Amino acid sequence: MNVNKKLSSFEMFSMTLILIGMKLSDTTPSLFAQKSQNALWYIPFLAFLIVLPSFFVIMYLLEKVQAKHLVNLFELLLGKLLGKGLAFFIFLLSFLMISLDSRNYVEQIKTLYFERSSSLIIFVLFCVVCVFGAIRGIEVIGYTSKVLIPFLTASLVLVIFLVYEHMIWERIYPIFGSGLQFVLKESLFKGSIFADFILLTMAYSSFKKPSDFKIGGLIALFIAVLEITFLFLIYATVFDYNSIEKVSFPFHEITQYVQLGDFFTNIETFFMVFWLLATFLRFILLLYLQTWLFGAIFNIDEFELLVLPLGFLSMVIGLIPDNSVVTELVYRNQLLDLLTPVLIVLPFLLLAIYTLRRKQVT
Amino acid sequence: MAKFCWLVIGLMPILFGCEDMVELEKQSYVVAVGIDKTDQDGTYQFTYQIANPEAGSSLAANNADQAPSEIISIVGTDLMTTSSTANAFVTKQMVMDQTRVLIISEELARTDQFLRVIQSVARSNQIRRGVKLVISKENASQFMNNNDPALEQRPHKYYQYMLSRARETGLIPDADIHRFFQITEGDADLFLGIYATTIEDPKDVSGPEDTIVAGEIPKHGGNSTQFMGAAVFKEGIMIDVLTAEETRIANILDKTMKMDELLASYPDPVAPEYNVAVKYIQKNEPKIEINYDRVANHAAIQVIIPFEAEIIAIPSLINYSQVDSYKERLKKSIESYAEHVTRQFIKKTQEFYRAEPFYWSLYIRKFFKDIPDFEEADWNKQIYPNADITVYYQMKRMHFGKMLDDTHLNEVRD
Amino acid sequence: MRKKKAQTQQKQTLSSDFVNNLDQLKNCFSYGVNNDFSIRLLQAKYNNKELALCYYASLVNSDKIEQSLISPLLEQEGASIFAIITAESVKKITLLEEVIENITSGKVVLLMQDEKVAFSIDVSNFQHRAVSQSEIESVVRGPKEAFTESIHVNISLIRKQVRNSQLITEVLKVGERSQQDIQLVYNKQIVNQELLDDIRQRINKIKVDNVPNLESLEQYIEERPYSIFPTIFYTERPDNASTYIDRGHVVLLMESSASCLILPVTFWTFFHNPEDRYARVAFGNFSRLIRYIALFFTLMISAIYVALANFHSEMIPPDLLLAITAARERVPFPLILEVIIMEVAFELIREAGIRIPSPLGPTIGIVGALILGQAAVEANIISPIIVIVSALSGLTSFAISDPSFNFTVRISRFIFIIAAGVFGMFSLMSALILWLMYVVSLKSFGVPYLAPLSPTFKSNRDVYFRRALKKERWRPAYLLPKDLQNMNKNK
């Protein structure tokens, strides 16, 4: 029987929420706090406003050009060679980003829960899971996200509920943190924390209707930004401006700090369960999209076979930086700063080419 | 899938025996950690109280003989390495995930060494941010060894109940490592640690019973350990001890301290030789309004504290519940007494500490646009010591409990 | 070689030579050696011709032969044989192959002198159990009858609940040597044509000598024989069958199987219980909630215990932690081994409990659970906490009523326990997510396993919890039914 197995808007919503929303639990907040101190909480919001037009432009173009996915869009607008070249550039940047990102997560798992194990073993297990998950294809990833998203949300709500009593709202003052100019500069350059969304356009053709992609993606983006903003606000108000700089994983610090009554005092492992599930899903999705991007560039139809080598490669790259947190903050910071201008300028460039070409044709 | 399943199952034995796998019985659970000063800077004496799982377990045949815990002291540079040195005579690996309290001797807390050692403690993954900070008058090791509760055999239960109850009654502040770092790193307020001792030095109390600190309670029987009062930390160094009454005032004035109700006695306005026992109930947070003059860098602080009171005992047997004028007098008297004590305490902080333990720096923050601006104004050193502070207590309601009236002494003696 | 012979035999028609036909049959059925095979020769009164009645004596109702065949043929006058025989069903057959098949399926074949055709008269009387109470899937509220080993009884049990002229019972043959009938039961106005074609195709593809019953049929037509998840619902309840037929599923029935197969199905089919629908909304959902808890416990509690105790001891509250530690101090085995020992012991007791002769059954439970557990604890072989944990995980598994799904859960439990022993929660969650993704990727006859939860389809949203019956207006869209809306037209 041929049941329509394409994805719908809810799956898009879940995938985007997991992909973007997970930023609240990694080192991103402490990255922001380095420069802006307690003003870190509204940076994601400002950064989002800066990159939002780019997302609109990309979605508009995909619909107008009737492209199958991102690489296809580049090819249609820029010609085959240039398009593929650009796509390859994006692939390299995002692949590097994801490799570093996965290292970041592995380090979190290691430092917080498995202090004595070597990160290599954790990384291997992590990659095995990602590879086996990614092989199942985009539909399964989407469906699984949809199954899990209520539980993930519930656990987040529980964290917020438990930490609420420790929040001291006055700590958001002074409102501009370390100074308005630093905050604005940081917002301008960190738009790339949402860059993963661009990768999702690879899955554009696996949705029932293009509007599913658009509606699900946009709603999820807004909710993710609100979620991130709110959680960052919690970090700023639970830790003060001086402590927030020193905490590398504020989400985990918070789950360690909260307690459920007097009996359950150490409940971070409970939240870690949901965090891990979301982390796995996020990297499974990222790995799959990466492989798809790669496959599309080199016209490989059965790109699922490449999941294993690419997963392995990303692990190797992730293992290169020798020290975890500090180097990671440096590398990732630079990469994010580098990626943002690309993210902001490129869509408008494409739009310009599109309008020019249309005029030529008509 | 089948192949995959077999692959995973096949992989498992290889990964088995991963280094983080520890059997429960191969760990010792440290319930409390004490830190003392030694003659040498950078070296400290660490005391670990290890819970004995056999005590209180129904499985142990000779249950009564089992000591509930073992206390060991060892000299070292930091908490974690010292705990591994301790394995020379402790059979198992010591874990500090279940640690509830960190006991610091007053001697150590009064030096600049304290901040160093507690930094290294906080860095460790096992010590949580929720661990309570207790300052003992004597050496921490002495404190832990003297502490011998008769009822709560298991030490973690003892600390849990003891601290939470003392906290509820407002005798001690809420002091965990998380708060310590926030306030110390924020460098704008004073941190209050829990003050405790096992050395009894009863003080003759005249007047309200809580102008004393730990150790001074005139009592007989019970555990010699007393938790009462607060240790005042300025910039990470202990500078003074607050009495129980002052601690209560600090708890009332600080909105981040959760305090619902406390029992206290106030002078009886009609019969001054007696006290009136009052349950002080705080339903709303104190209102703290700051008028800040940017040019002069001067602040005027108005504190309004709404509260409710339930009269528990009237030893003078004056009929407060029925006679309105008495009632009004009692109300005024409680308010003015509270205001008087509070003002005195605030004055002490302004003049003597030149900083406040109420976390009031929160309220001044909104007058500054960014952190450099705020830090330059220097709440701690410039604004607070010179601020004009007015305190008003407002009793919103007075309850008289379940008895309408007391027995009339005259009638009884008739 | 044999196959070839059979094929030549198939084409053979009956000749007009009565004796020759009879000889061929005698040869075929080894007449004389095969004691069961009977031939009754007689002369019909209406045309004075020789007749032979061939049948298996064990399969037919002899009274009926006597009343509706022999006595009319000997006594009645009439124009044709159809006017004389009083049996309900008389069929003309021409091929020898058909003759053989009819005899083996319990019919009487009537051969007549000078006739090229034979007549098959249905007087079959297969022995079967009477309709009895459903034992595996028992309910407190709702019909209690179960299928029995007779296909006719089973169909009548279904038809009793689905009074619809569009309810089709279609026959498919399976088996090369022993041909068996498979009855496809479905509602023609609802069921998806592609689905039917797919099922027919899969059944026709089976090329084996004999498919004795539904239980083996299930294994021939399912997609992934090695998977730990069942993709076809095996039930002994006629009310289940009729409910699913109404939704647009197809039911398979076979002679000598006291149950039916329902397909395609989803995860929810196995988890839901017919009683959820018979009980009122709140009651049904409450029992579902309890079953979710049971599912969680039986799958996870041992694994979580291993993960927490071996890797995340900080999460266990101190009193409990000290209690477990004290208990474990005398135990010789590592904790994971202890858990596996107890879990295996529980499975052993369970397996033995099924195989053991029924009078001994209850005893073994008590012996196993109490005495063994108690003795093991006293001998310090295992700690009492483990007994509690594994008893909990074992007992809660009984709340998963479907036997196939029960196996899934029990096998998965072991996977999770081992996974938890590797890297605590980290590896447990790795296993869980891969397990979950595997479940999501499964399909039963093209229907995603977790539909309609994910992917979403129009349906009654009877997923985690069900809604009021009045609000159920849709057939599940994942079955692509011909008629989506009609289950309930009230607003």
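Taken in order, these protein sequences are the chains called A, B and C.
The numbering of the first sequence is our numbering, which starts it at 5 and goes up by one.
The numbering of the second sequence is our numbering, which starts it at 120 and goes up by one.
The numbering of the third sequence is our numbering, which starts it at 349 and goes up by one.
All residues carry an ideal CB built from backbone N, CA and C; glycine is no exception.
Just so we're clear, the structure is a prediction, and the values are computed from it rather than from any experiment.
Count the other CB atoms, across all protein chains shown, that sit within 10 Å of the CB of residue 62(A); report buried if there are 16 or more and exposed otherwise.
Taking the first residue of the first sequence as 1, we reach residue 62(A) at position 58. Residue 62(A) is buried by the Cβ-count criterion.
Any residues in the region 20-36 of chain A with a beta carbon nearer than 8 Å to a beta carbon of chain C? Which ones, in chain order?
none
Relative to the C-alpha of residue 257(A), which residue among 15(A), 124(A), 34(A) and 17(A) is closest?
Here the question's residue 257(A) lines up with position 253 in the first sequence. That would be 34(A), whose Cα lies nearest to the Cα of residue 257(A).
List the residues of chain B that residue 793(C) touches, going by C-beta distances under 8 Å, in chain order.
What you label residue 793(C) is simply residue 445 of the third sequence in a count that begins at 1. By Cβ distance, chain B contributes nothing, its closest Cβ being about 18 Å from residue 793(C), past 8 Å.
Test: residue 308(B) CB closer than 7 Å to a CB of chain A
Here residue 308(B) corresponds to residue number 189 of the second sequence, with the count starting at 1. It does not: the Cβ of residue 308(B) has no partner Cβ on chain A nearer than 7 Å.
State yes or no: is the beta carbon of residue 804(C) nearer than 7 Å to at least one beta carbon in chain A?
Numbered from 1 along the third sequence, position 456 holds the residue referred to as residue 804(C). Yes, because at least one Cβ of chain A sits closer than 7 Å to the Cβ of residue 804(C).
Using a Cβ-Cβ distance cut-off of 7 Å, determine whether residue 658(C) contacts chain B.
Residue numbering aside, residue 658(C) sits at position 310 when the third sequence is read from its first letter. Chain B, which has a Cβ nearer than 7 Å to the Cβ of residue 658(C), makes this yes.
Delimiting residues of the beta strand (DSSP E) encompassing residue 389(C)
Numbered from 1 along the third sequence, position 41 holds the residue referred to as residue 389(C). That run of the beta strand (DSSP E) goes 385-391.
Could you tell me if residue 662(C) is buried or exposed, where buried requires 16 or more neighbouring beta carbons within 10 angstroms of its beta carbon?
Along the third sequence, one-based indexing puts residue 662(C) at 314. It counts as buried.
Through-space distance from residue 75(A) to residue 300(A), alpha-carbon basis
Numbered from 1 along the first sequence, position 296 holds the residue referred to as residue 300(A). Numbered from 1 along the first sequence, position 71 holds the residue referred to as residue 75(A). Straight-line Cα distance between these residues: approximately 6 Å.
Proximal chain B residues relative to residue 237(A), where beta-carbon distance stays under 7 Å:
Residue 237(A) sits at position 233 when you count from the first residue of the first sequence. Near residue 237(A) there are no residues of chain B at all, since even the closest Cβ is about 15 Å away, more than 7 Å.
Are any of the Cβ atoms in chain C nearer than 7 Å to that of residue 295(B)?
Position 176 of the second sequence holds residue 295(B). No, no contact with chain C.
Quick one: complete beta strand (DSSP E) runs, 3+ long, within the region 258-286 of chain B?
none
Would you mind working out which of 230(A), 338(A), 145(A) and 291(A) sits nearest residue 790(C), comparing C-alpha positions?
Here residue 790(C) refers to the residue found at position 442 when the third sequence is read from its first residue. Minimum Cα distance to residue 790(C) is reached at 145(A).
On the criterion of 16 or more Cβ atoms from any shown chain inside 10 Å, does residue 362(B) qualify as buried, or is it exposed?
Numbered from 1 along the second sequence, position 243 holds the residue referred to as residue 362(B). It is buried - the Cβ of residue 362(B) has at least 16 other Cβ atoms within 10 Å.
Hey, which unbroken runs of the beta strand (DSSP E) at 3 residues or more fall wholly within the region 414-482 of chain B?
417-432
Buried or exposed: which applies to residue 5(A), given that a residue is buried once 16 or more other Cβ atoms fall within 10 Å of its Cβ?
Taking the first sequence and counting its residues from 1, one reaches residue 5(A) at position 1. By the 10 Å Cβ count, residue 5(A) comes out buried.
Same chain, Cβ closer than 7 Å to residue 490(C), five either side skipped, listed in chain order
On the third sequence, residue 490(C) is found 142 positions in, with the first residue counted as 1. Here the set comprises 587, 622, 623 and 626.
Check distances from the C-beta atoms of the region 489-502 of chain B to those of chain A and list, in chain order, the residues that come in under 9 Å.
489, 490, 491, 492 and 493
At a CB-CB cut-off below 7 Å, which residues of chain A make contact with residue 375(B)?
Translated into positions along the second sequence, residue 375(B) becomes position 256. Neighbours of residue 375(B) on chain A, chain order: 172.
Along the region 536-560 of chain C, what residues have a CB closer than 8 Å to any CB found in chain A?
540, 542, 543 and 546
Segment limits, beta strand (DSSP E) that includes residue 247(B)
Taking the first residue of the second sequence as 1, we reach residue 247(B) at position 128. No beta strand (DSSP E) contains residue 247(B), which DSSP labels as neither H nor E.
Cβ closer than 8 Å: which chain B residues qualify as neighbours of residue 313(A)?
Taking the first sequence and counting its residues from 1, the one referred to as residue 313(A) is at position 309. In chain order: nothing, as chain B lies at least about 17 Å away.
Local Cβ density within 10 Å of residue 297(B), reported as buried at 16 or more and exposed below that
Taking the second sequence and counting its residues from 1, the one referred to as residue 297(B) is at position 178. With 16 or more other Cβ atoms within 10 Å, it is buried.
For the region 25-106 of chain A, list the alpha helix (DSSP H) runs that are entirely contained and at least 4 residues long, ordered along the chain.
32-40, 47-69 and 74-82
In chain order, what residues of the same chain have a beta carbon less than 7 Å from the beta carbon of residue 432(C), not counting five sequence neighbours either side?
Position 84 of the third sequence, counting from 1, holds the residue named residue 432(C). Only 394, 420, 421, 424 and 426 meet the Cβ criterion.
Return the residue from the list 410(C), 381(C), 609(C) and 448(C) that minimises the CA-CA distance to residue 530(C).
Within the third sequence, residue 530(C) is the residue found at index 182, counting from 1. If we check each option's Cα against that of residue 530(C), 609(C) comes out closest.
Pop quiz: residue 196(A) and residue 340(A) are said to be a contact at Cβ under 8 Å. What is the actual Cβ separation, rounded to whole angstroms?
Taking the first residue of the first sequence as position 1, residue 196(A) is located at position 192. Taking the first residue of the first sequence as position 1, residue 340(A) is located at position 336. With a Cβ gap of about 5 Å, residue 196(A) and residue 340(A) count as contacting.
Over the uninterrupted alpha helix (DSSP H) stretch that includes residue 322(A), give me the two end residues.
As a working mapping, residue 322(A) is identified with position 318 in the first sequence. It spans 311-323 - the alpha helix (DSSP H) in which residue 322(A) sits, taken as one unbroken run.
Return the first residue and the last residue of the alpha helix (DSSP H) that residue 124(A) is part of.
As a first step, residue 124(A) is located in the first sequence; it is residue number 120 there, counting from the start. 123-138 is the span of the alpha helix (DSSP H), which, as asked, contains residue 124(A).
Less than 7 Å between CB atoms is the rule here; does residue 140(A) satisfy it with respect to chain C?
Here residue 140(A) is taken as the residue at index 136 of the first sequence, counted from 1. Yes - at least one Cβ of chain C is within 7 Å of the one on residue 140(A).
How many angstroms separate the CA atom of residue 1(A) from the CA atom of residue 290(A)?
Outside the modelled stretch of chain A, which goes from 5 to 366, sits residue 1(A), for which no answer is possible.
Compare the C-beta of residue 221(B) with all C-beta atoms of chain C and state if any pair is closer than 7 Å.
For the purposes of this step, residue 221(B) is identified with residue 102 of the second sequence, where counting begins at 1. No, residue 221(B) does not count as interfacial toward chain C.
Taking only beta carbons into account, state which residues of the region 40-63 of chain A come closer than 7 Å to chain B, listed in chain order.
41
Residue(s) in a DSSP beta bridge with residue 251(B):
By one-based count along the second sequence, residue 251(B) stands at place 132. Beta-bridge pairing links residue 251(B) to 220(B) and 295(B).
Separation of residue 633(C) from residue 581(C), as counted between CA atoms
For the purposes of this step, residue 581(C) is taken as the residue at position 233 of the third sequence. For the purposes of this step, residue 633(C) is taken as the residue at position 285 of the third sequence. If you take the alpha carbons of residue 581(C) and residue 633(C), they lie about 22 Å apart.
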